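There are 4 protein chains.
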Amino acid sequence: MEKDTGTLKIEWAGQFMPVLSRIREQFVKEQPLHGVTIGMALHVEAKTANLVMTLAAGGAEVYITGCNPLSTQDDVAQALNRVPHVHCFAERGCSVEEYYAAIDKVLDAKPSVTIDDGMDLIHYIHTKRRELLSTVIGGCEETTTGIHRLHAMAAEGKLEFPVVAVNDTPMKHHFDNVHGTGESVLSAVMITTNVLIAGKYLVVAGYGFCGRGLARKAHGLGAKVIVTEVDPRKALEAHMDGFLVMSMAEAARLGDIFVTVSGNAHVINSTHFSQLKDGAILANAGHFNVEIDIDWLEAHASGKESRDGIDTYLLDGKRIHILAEGRLVNLATPKGMGHPAEVMDLSFALQALCARYITEHGKELSGGVYEVPEAIDVQVADQKLASLGITIDTLSDEQKTYLSNWDAGT
Amino acid sequence: MEKDTGTLKIEWAGQFMPVLSRIREQFVKEQPLHGVTIGMALHVEAKTANLVMTLAAGGAEVYITGCNPLSTQDDVAQALNRVPHVHCFAERGCSVEEYYAAIDKVLDAKPSVTIDDGMDLIHYIHTKRRELLSTVIGGCEETTTGIHRLHAMAAEGKLEFPVVAVNDTPMKHHFDNVHGTGESVLSAVMITTNVLIAGKYLVVAGYGFCGRGLARKAHGLGAKVIVTEVDPRKALEAHMDGFLVMSMAEAARLGDIFVTVSGNAHVINSTHFSQLKDGAILANAGHFNVEIDIDWLEAHASGKESRDGIDTYLLDGKRIHILAEGRLVNLATPKGMGHPAEVMDLSFALQALCARYITEHGKELSGGVYEVPEAIDVQVADQKLASLGITIDTLSDEQKTYLSNWDAGT
Amino acid sequence: MEKDTGTLKIEWAGQFMPVLSRIREQFVKEQPLHGVTIGMALHVEAKTANLVMTLAAGGAEVYITGCNPLSTQDDVAQALNRVPHVHCFAERGCSVEEYYAAIDKVLDAKPSVTIDDGMDLIHYIHTKRRELLSTVIGGCEETTTGIHRLHAMAAEGKLEFPVVAVNDTPMKHHFDNVHGTGESVLSAVMITTNVLIAGKYLVVAGYGFCGRGLARKAHGLGAKVIVTEVDPRKALEAHMDGFLVMSMAEAARLGDIFVTVSGNAHVINSTHFSQLKDGAILANAGHFNVEIDIDWLEAHASGKESRDGIDTYLLDGKRIHILAEGRLVNLATPKGMGHPAEVMDLSFALQALCARYITEHGKELSGGVYEVPEAIDVQVADQKLASLGITIDTLSDEQKTYLSNWDAGT
Amino acid sequence: MEKDTGTLKIEWAGQFMPVLSRIREQFVKEQPLHGVTIGMALHVEAKTANLVMTLAAGGAEVYITGCNPLSTQDDVAQALNRVPHVHCFAERGCSVEEYYAAIDKVLDAKPSVTIDDGMDLIHYIHTKRRELLSTVIGGCEETTTGIHRLHAMAAEGKLEFPVVAVNDTPMKHHFDNVHGTGESVLSAVMITTNVLIAGKYLVVAGYGFCGRGLARKAHGLGAKVIVTEVDPRKALEAHMDGFLVMSMAEAARLGDIFVTVSGNAHVINSTHFSQLKDGAILANAGHFNVEIDIDWLEAHASGKESRDGIDTYLLDGKRIHILAEGRLVNLATPKGMGHPAEVMDLSFALQALCARYITEHGKELSGGVYEVPEAIDVQVADQKLASLGITIDTLSDEQKTYLSNWDAGT
């Protein structure tokens, strides 16, 4: 029988996810999630499907919907629905009402563990579905923006169950954010616009992990990278890393391509639009579509023309091109594939192991944000190195002694 | 009235082609191609359409077909057919018979000037349509492979009209080949496969202009680049540029991703296939689909599975993934966009000016391969710098004197 | 009157230390160190002299000696001794006995604040001069290795006064370690050996802040960088950053140049020496000369030949070249200049402000290792940006609200 | 017996010159230069000494002096004078009179072959010692500037014997100029000034082979590179390679460090000095000390202070720092070591083989500039690859046929 395209995509991605594959084999044997109901709101595409299937293989009943109206791949969603113990409600291009209706469906399953990318499930539970607070053991959160929101909640004492901050662990942000965002944003921008990166002024708003990966790789393709920041220390790092550092007010006049990865709202706004060069290209790679003030453009532009993945606004006779409606450009642009499989292998290996951890230990923990246990982080690194066939050094006893000794001097 | 998608694409590309736009304005005024029939075989997509429209705007009657069965964008072809004085016969996915029938249609128009990308028109005229040799004034050739073939013809005394080697001029190969191929191949591979470039062994077969652009940019994204070469001097350049240099026999065992840009046949062949790692990804960025010996794979693989733009062959239990059937990956993969607009701006500005040159001077020239006149090359550079707003230095009289003087010593 | 060379060097470095200069102006006015005796053991060269003079300008009586027998610049030491309130005991090439005698002289002044680079003063006080424990208010430590030793002491409950870990603050290790070590090691190796970096296998042992700066910059010059690590997560980072990652046992057979920056002992040892290629060059950039097991070489080599900054050992007919006797190569090689002035500007600005901080707050703190107060870290960043004329963005009220809000979702 | 420092230096460099070593072995056997007198004017340091000894080993009587008053290493010159059949007249810091007196001494030996770096010998013969024109068979020229002068002479019909343009052959300029100049200039600037490269605006005047090597490597260390050019095509290459391109008038206001590699006079002149930032650092890496108009500074500066390798001029209250008196900074700065041994291995292997070629074929050639025979160029590449243990591919018969065939099309 011919395979469906969703299954072909899932199998393709699975090939490049050796760590998750090994965990799946282990889960099949050990059934650590037996009897657990997991609710998920993630980008529903091929890599995520491999996580979902790993959780189901580990004994869980999995209910999943999207975490962004434009990031679902429908054929993958359909393929997932054919997997035993998996229930998928995501649809590409759904309305905001449909988006929240799907979240409700996930929550109707009364999950004991949640897995979020942007904290929508956790938020919804704490506000609209508070009856579930008694049944949820804990959650996992994937992204920087979600962690920010969780810390804000925790600071107000409003986070009522334990959540593992997967994003904050080294094996996540040093790979997924730096390399995954960096490469997938560039390929999405290149394939959507067909413009050359070499020689361009490419403005990166925000020099966090995502921003620095993007800056370094754009530079590696030949761009003149401009970094904007609000943190003076990160700004100096960018300066010494060889990038041009300036305020967005200055960058607006120079930039050819802009990518926001700040996690903040309106970093490109009405004060900047009028300064842009004719034909400037703007994209967002932050989690939410708030970084560019598109509402203002919609209200004030004298015209708008749309192509595949590109909306061109006319302002004072100049063209401003917005990619993917200002949503996560690597996922939401029509040809976008999201993060490469190999980085999602690491992130989702962490998610699978943290889902197990929260299942086993969640009840011992009070409400709050928790780090990924170091042993899990190291285990993922070890398994990835093994899959690459890379051997590294180990400390000899003499070296362990040396390191613990404060006596050896000049 | 709603614009069609072909026109939207053409206008989009045109925005990023300032040099060609300026030439078009000049052509509209001066009508240098008045009464000239131009026959073209090029990749029919949005950038090419801007060249075609420039030639038509200059007074020419233009007949065009594709130069590769998989590189045509049908909506662009249709939009071109709505432009006065333009006749387009290209269709994506045509058979070899249809491909050559379309070439015949172009030649039926009895062009006095030919513009080729790969030398198919010139070859066809010299072999199958020799009656046209009396009416053709001259031609222009776009690509490295075509130039190789032309030099081979000229060496045998078989090239019967003058052809300008656009590929060989600095403003072409230092930009189109280095940056255009480099970026478009990477974005095509990334968007087709969704694999990470960082950390991968990426093998580049051939360290010509295309190869070095690709190597440098892949390295800039974090790949460990391996270069294979047959020329010891280029091999040493690659070595000192920081790349790993080895034979393909050795590279075959290490590589994760292979891209051929050698202009040669079977640089990856049956002796290498069996050495590949499971899951190796192979793509070609040379003009013709001969660099990877796919015929051998078709004949010997134990299985084949196809996804969008990817054919997976099974050989000795290992998977070998071939992108875009081994054709030019940046154009022939389903999401491929070809070279970025800005480099085609330079290449097609050269083509437009060389078409004018051959119209005006072709009759004075005997059969053979000719360089682009330096004045044309410099003019394109000057106009591109002007469009970027970049000012450079000029030699003072004192400096001119210094440079022409051999007397000043230590 | 002609200036002496020491003064010329100090003034030269001072030009490139704008942040420290501004602090000096402030110190002159406010005299925050009035009456304080400061004991220092740092590399005595031109940048350090600017710190010493800043502390003296702030009212302190400063006693200083070196922290490495080969890193002192004698003309700078002499010039320092002509500065009021400064007493310098360092001498290049001193014996180990003389080295510790000089430390004793510094301690004889009964310092209330110590500034260390490698923890020699603090160690000496806690072991040999315990009578001083009653008069020391606190200390500052400059380097990674010193911090390791301090944490080991603190873990055993043996650190009896508060020490600020200058090395661990972002404004130190993101600049001094990454850029300072990276550049100064490369220039020292290049100028000592006159070998080409391009094309070489350059092995970096340790992928901490120093190692990654060195790796990136060596790669930027064209080296094929090999990284060895004991931490699987750092190893994977190196892998995805584009470097070759392997064990030292494997690297030993490939490497042309080796630089140890591990902070550990014997990372290149007798098991590796015999595997090295003829002519391999070994250097250390870690704080102590223990990273390469030179004692073993001294005992087992069949011959030794010395050049300026290079000792060549013969082993099994092969030459092994050790730079600067395995001491900090950027300081201890005869032409070495140490870290660039601009990074020491940041590090020493932190030291000056932390010396003030410990003076003002040390008595409130119990024994242990303390972070640099964030306000000091940010102040140094702000002043450096100001000196560069770089303006960055600031958060609007709307943005502050957005960031503190966990309510805004999809 | 203890070796002298000159011999130690020569042996050190010799280790990293495997191609020249192999040629020396061949020369010892074949004595191709038996009875030939060779006159040389080159930088007299350790790498050159290895060339000189190779020529002498091949049977020649060699007379050599320097080609720059500041580039001689006296201990190497002394060691050379102890080598049989070698006569060295170079002295570091000689006056212009002494410089030319030494050239006279070389010419007094009536050389039949000349080897120049900057064309001083050839110029002197054609102007002051025309009686030698009858005995000279031919010459070799090492550097870009010399070739320019030779072409100017040849254009006027004034070059009376054949000269091989070693600089112009791929194995010279793709390595010596790109990598040798790039690395040695950076290490010389870094070690002389102790400033950080990361974050600096580093201005490269001239984007020839030397300029692009320097630009790329400075960028690799973290500099923001600005390129100035007079050729619009090279300017565009620099732009797309990711560098900032502008006129020197604009660059003067931004730059922190300037390096001239233009081969032209006064590229930094009085119109630029007044625009420089306080503390700007200026160095020259072109052959002659004319690229920066130091005479103007000497005449107009209000003060001057000298340090080791640095002259600081005061102009309008600002400091302008000139390295190595504006002479070739990589050789003339006190700590400068010149080009790395590995690139001189290639260049001097070419020189040795070309000296043999001119000996054997010079009489057949008329006056003019000649390319290095391709067979010599390829031989050097092959031997270098062999010394690195690198194997590359060779064309199969099928591939040779494919490449010579113009028949294979789409």
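As they're listed, the protein sequences go chains L, Y, U and B.
Take the first sequence: its position 2, counted from the start at 1, is 2 in this note's numbering, and no numbers get skipped.
Take the second sequence: its position 31, counted from the start at 1, is 31 in this note's numbering, and no numbers get skipped.
Take the third sequence: its position 116, counted from the start at 1, is 116 in this note's numbering, and no numbers get skipped.
Take the fourth sequence: its position 365, counted from the start at 1, is 365 in this note's numbering, and no numbers get skipped.
We put the beta carbon where it would ideally sit given N, CA and C, even for glycine.
Predicted model, so just to flag it, every value in this text is computed and none were measured.
U:Ala-13 reaches chain B at Asn-194, counting residues in chain order whose Cβ is nearer than 7 Å.
Those residues of the stretch 224-257 of chain L placed with their C-beta closer than 7 Å to a C-beta in chain U are Thr-228, Glu-229, Val-230, Pro-232, Arg-233, Ala-235, Leu-236, Glu-237, His-239, Met-240, Val-245, Met-246, Ser-247, Met-248, ordered along the chain. Inter-residue distance for U:Met-248 and U:Leu-133 is about 42 Å (C-alpha atoms, whole angstroms). At the C-beta level, U:Gly-6 and U:Val-76 come within 8 Å of one another.
The beta carbon of U:Ile-257 lies closer than 6 Å to those of Lys-200, Leu-202, Ile-281 in the same chain, with the five residues before and after it left out. Beta-bridge partners of U:Gly-303 (DSSP): U:Leu-314.
Here DSSP, grouped into helix, strand and coil, assigns Y:Leu-221 to coil. In this structure, the CA atom of U:Asn-289 is about 14 Å from the CA atom of U:Asp-311. Taking C-alpha positions only, Y:Glu-91 is separated from Y:Glu-45 by approximately 11 Å.
Three or more pairs of CB atoms, one per stretch, sit closer than 8 Å, so the stretch 204-216 of chain Y contacts the stretch 234-246 of chain Y. Residue contact with chain Y for L:Ala-332: absent (no Cβ-Cβ distance below 8 Å to any residue of chain Y).
Using a CB distance cut-off of 8 Å, L:Arg-307 counts as an interface residue toward chain Y. Cβ proximity to chain Y below 7 Å picks out Lys-335, Met-337, Pro-340, Ala-341, Glu-342, Val-343 from the stretch 321-350 of chain L. Per DSSP, reduced to three states, the secondary structure at L:Met-190 is helical. With the rule of 3 Cβ pairs closer than 8 Å, the stretch 106-124 of chain U counts as touching the stretch 134-142 of chain U.
Under the criterion of beta carbons closer than 8 Å, Y:Thr-181 and Y:Gly-157 do not qualify as touching, at roughly 32 Å. The C-beta of L:Gly-222 comes closer than 8 Å to at least one C-beta of chain B. Against chain L, a Cβ distance below 7 Å from Y:Gly-157 picks out nothing, because the smallest value is about 40 Å. With a cut-off of 8 Å on Cβ pairs, the stretch 170-185 of chain B is not in contact with the stretch 313-326 of chain U, counting fewer than three such pairs. Under the 8 Å criterion on CB atoms, U:His-148 is classed as non-interfacial with respect to chain Y.
Taken through DSSP and simplified to helix, strand or coil, L:Val-163 comes out as strand. A contact between stretches requires three or more CB pairs, one per stretch, nearer than 8 Å, and the stretch 347-354 of chain L fails this requirement with the stretch 117-129 of chain L.
Taking the beta carbon of L:Met-190 as reference, the chain Y residues within 7 Å of it are Glu-183, Ser-187, listed in sequence order. Membership of L:Cys-140 in the beta strand (DSSP E) is indicated by the continuous run 138-141. Assignment of beta-bridge partners to U:Asp-116 by DSSP yields U:Ala-41, U:Glu-141.
Taking the beta carbon of U:Pro-170 as reference, the chain L residues within 7 Å of it are Arg-233, listed in sequence order. Contact with chain U is absent for B:Lys-304, since none of that chain's Cβ atoms lies less than 8 Å from the residue's Cβ. Within the stretch 196-218 of chain L, those residues whose Cβ lies closer than 9 Å to any Cβ of chain B are, in chain order, Leu-196, Ala-198, Gly-199. The contact set of Y:Gly-279 on chain L, defined by CB atoms closer than 9 Å, consists of Gln-15, Phe-16 in chain order.
In the displayed model, L:Ile-376 falls within a helix according to three-state DSSP. Contact note: U:Leu-8 reaches chain B through Arg-307, using a C-beta cutoff of 7 Å and chain order. Contact annotation for U:His-179 against chain B: Leu-196, Ala-198, Gly-222 [CB-CB distance below 7 Å, chain order].
For L:Gly-242, the closest alpha carbon among the candidates L:Arg-216, L:Asn-264, L:Glu-183 is that of L:Arg-216. Listed in chain order, the non-local C-beta contacts of L:Glu-160 below 6 Å within the same chain comprise Leu-133, Gly-367, local neighbours out to five positions each way being set aside.
Residue burial is scored here from C-beta neighbours: B:Asp-308 has fewer than 16 other C-beta atoms within 10 angstroms and is therefore classed as exposed. Judged by pairs of C-beta atoms under 8 Å, the stretch 177-192 of chain Y does not touch the stretch 294-302 of chain Y, as fewer than three such pairs exist.
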